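Structure record follows, encoded as structure tokens.
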Amino acid sequence: MTRNDLIQKLTATNQVDILIIGGGATGLGAAVDAASRGYSTVLLEQHDFAKGTSSRSTKLVHGGVRYLQQGNIKLVMEALKERGILKKNAAHLVKNQSFIVPNYKWWEGPFYGLGLKVYDWMSGSLGLGTSRWLSTEEVRQHAPTLDPEGLRGGVMYHDGQFDDARLAINLAQTAIEHGGIILNHFKVTDFIKRNNKLVAVVALDQVSGESIEIHAKVVINATGVFSDSLQQLDEPGKSATITPSQGIHVVLDKEFLPGDSAIMIPHTDDGRVLFAVPWHNKVIVGTTDTLVDQILEEPIAREDEVDFILQHAARYLTKDPTRKDIRSIFAGLRPLVKSSAKKTAEISRDHSIIIAESGLISIVGGKWTTYRKMAEDVVNTAAIQATLPYKECVTENLSIHGNKETADFEENGYYFGSD
0 MTRNDLIQKL TATNQVDILI IGGGATGLGA AVDAASRGYS TVLLEQHDFA KGTSSRSTKL
60 VHGGVRYLQQ GNIKLVMEAL KERGILKKNA AHLVKNQSFI VPNYKWWEGP FYGLGLKVYD
120 WMSGSLGLGT SRWLSTEEVR QHAPTLDPEG LRGGVMYHDG QFDDARLAIN LAQTAIEHGG
180 IILNHFKVTD FIKRNNKLVA VVALDQVSGE SIEIHAKVVI NATGVFSDSL QQLDEPGKSA
240 TITPSQGIHV VLDKEFLPGD SAIMIPHTDD GRVLFAVPWH NKVIVGTTDT LVDQILEEPI
300 AREDEVDFIL QHAARYLTKD PTRKDIRSIF AGLRPLVKSS AKKTAEISRD HSIIIAESGL
360 ISIVGGKWTT YRKMAEDVVN TAAIQATLPY KECVTENLSI HGNKETADFE ENGYYFGSD
């Protein structure tokens, strides 16, 4: 179905059950959830799908070892379950990735080894592999560019790796296959209310230049870091609900990590973890967690963020990466739920749902790994808010467009969407 076909279908519709604003992970997940339940669904994205934060991740589907260290057991359990579900439903995009935690102090082996055994146990039947202790020689075999001085072995564990942008496109295709109207380059410019209740939106087709009114029983704001701007369009003067945190990644040549295993550094100077992950014959290193004052459509990596990543990578690699070695840098903004925490690294990655007096539903926070559960929660809320007939969520066992258990990750044509 072409974009014009979808627009014609939209203009022929008097009112839809659920209208979603935002075509990133959360919005697309909500569209799949709503459409697969049988609700009439429209999604509008003002740019390309996953143009923002959703295409600028570390490319990992993971439970979050750092959250386990913080004692956020609920989030880890939820994320590990969702990791397993996504591996099943999008096997063509999610693969098992081995990680090595190098040990340079005597206590790190038993400490991280036991912690990752708990991580294994929490994964249950949806685990991707069993963690194990490695000798110094084994670590060097898997990661020959790790600094050998003082190396005391390591721990290997398993998590998921995925293509974030490709998954977003496949979610859009899945939603359309279930009857959803999914449109990009449509910008919501105004809300229409009746008796102070939101009943429609005005949207500008940025391709044709035409504006249309779309009536909906309920509207979901899933615009990530731009959530507050829509909430303030609905309710001028409303206080902020998110804290934007910038994360950047540096891309280096494969020579800095020639093996198939990724490296996880469990504690950086700012209390985060740092990953170096193989990615299409390159290496992605990141990420940072920097509070920003300004929300930009094109975030810019700060000099101190680049220095932070290069300096930490140099501590663990035999060859120190320099700015001349950088092949690419990308930056994204996390829409963290507003918190009184002094550091963004301390803010929970849980999501929150906000219902305005007008009936506008906003979902903020979260992360790619838990997008499906976030979608289920927000569609449940929307159905209740709009008094829609009860329809059970089916996405836990819903195959995503292109799913193929025997996908060849070395065959790039298929990996990039030849399906």
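Here numbering that gives the first Met the number 0 is used: position 125 in the sequence shown is 124, and no number is missing along the way.
We put the CB at the ideal spot given by N, CA and C, even for glycine.
Because the structure is a prediction, the values reported are computed rather than measured.
- When the beta-carbon positions are compared, N169 and H400 come within less than 8 Å of each other.
- According to DSSP, W278 shares a beta bridge with K281.
- For V198, the secondary structure class from DSSP, reduced to helix, strand or coil, is strand.
- Contact between W367 and S53 holds: CB atoms are separated by about 7 Å, below the 8 Å threshold.
- Contact annotation, L43 with I20: C-beta distance approximately 6 Å; criterion of less than 8 Å satisfied.
- Taking I213 as reference, the option from N195, A199 and K323 with the minimal CA-CA separation is A199.
- Straight through space, the alpha carbons of V272 and D158 are spaced by roughly 14 Å.
- Rounded to the nearest angstrom, the gap between the Cα atoms of P320 and K281 is 13 Å.
- Cβ-Cβ distances below 7 Å link I84 to R371 and E395 in the same chain, with the five nearest sequence neighbours on each side left out; the list follows chain order.
- When the Cα atoms are used, A78 and R333 turn out to be separated by approximately 17 Å.
- In the three-state reduction of the DSSP assignment, N3 falls in the helix class.
- For D119, the secondary structure class from DSSP, reduced to helix, strand or coil, is helix.
- A check of alpha carbon separations from Y103 across K390, D16, G153 and V31 identifies G153 as the nearest.
- Bounds of the alpha helix (DSSP H) holding T380 are Y370 to Q384.
- For D189, the number of other beta carbons within 10 angstroms of its own is below 16, and it is reported as exposed.
- In this structure, D227 lies near I241, with their beta-carbon atoms less than 8 Å apart.
- Of V41, D16 and I352, the smallest CA-CA separation from F185 is found for V41.
- Counting only residues of its own chain and dropping the five nearest sequence neighbours on each side, V217 has a CB closer than 6 Å to the CB of I17, A381, Q384 and A385.
- Beta-bridge analysis with DSSP links V224 to no other residue.
- Look at G28 here: in three-state DSSP terms it is helix.
- Distance from D376 to G364 at the Cβ level is roughly 11 Å; contact not present, criterion being Cβ atoms closer than 8 Å.
- Around the C-beta of P257, fewer than 16 other C-beta atoms lie within 10 Å, and the residue is accordingly described as exposed.
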